[in-house]
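So the numbering used here is basically just the index in the sequence shown, starting at one, shifted up by 1064.
Presented below is the structure to which this report refers.
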Amino acid sequence: MRRRLATVSAAALLCLAGTAGLAEASPTSLYAPSAMVFTVTQGDDAATGTVLRAVVLSCAYTAEGTHPDPRAACDALNGTGGEFDRLLAAPNPGRVCPRHYDPVTVTADGVWHGERVSWKHTFSNGCVMSATLNDNALYAF
């Protein structure tokens, strides 16, 4: 009887040890991480220009961050399908901008649906940026 009890106890310990290892390996969330920093920088190089505005946005399960309208920004981000150049696809054709060069660079850095993202685009001036992004909620901060 003691041998049987020892065998059952050993088997139970092995099962518990196995499930403990599995529990540690499971993800902590059902949603892939999505947290990014968005900036608007004066200049044609985001690394050396003057940051005018910056926000943090997380779209994992709930929309949150320092963005003034995180839900609308997350919806706009979802609309790109992870291809940030799609933000540039619907410029406002009725907007007239001056032709002077005063560059503005926008950036998006972080993790989107578990994938590392680093995107930037430089506009010739703030008016062209506004017309090209066409009041997109993502950069409305």
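Glycine included, every Cβ here is placed at the ideal spot set by N, Cα and C.
Since the model is a prediction, treat every value here as computed from it, not as a measurement.
Rounded separation between HIS1185 and THR1196 - CA only | 11 angstroms
Buried or exposed: which applies to ALA1153, given that a residue is buried once 16 or more other Cβ atoms fall within 10 Å of its Cβ?
-> exposed
Buried or exposed (CB count within 10 angstroms, at least 16 for buried), HIS1131 = buried
Should the stretch 1096–1103 be regarded as contacting the stretch 1143–1160, the criterion being three or more beta carbon pairs within less than 8 angstroms?
-> no
Using only alpha-carbon positions, find the residue among ALA1127, ALA1124, GLN1106 and ALA1140 that is nearest to GLY1190.
-> GLN1106
Out of curiosity, what's the CA-to-CA distance linking SER1182 and ASP1133?
-> Taking the straight line from one Cα to the other gives about 22 angstroms.
When you compare each of TYR1125, VAL1120, ALA1201 and THR1103 to GLY1113 by their alpha carbons, which one comes out closest?
-> THR1103
State the beta-bridge partners of SER1182 as determined by DSSP.
-> ASP1173
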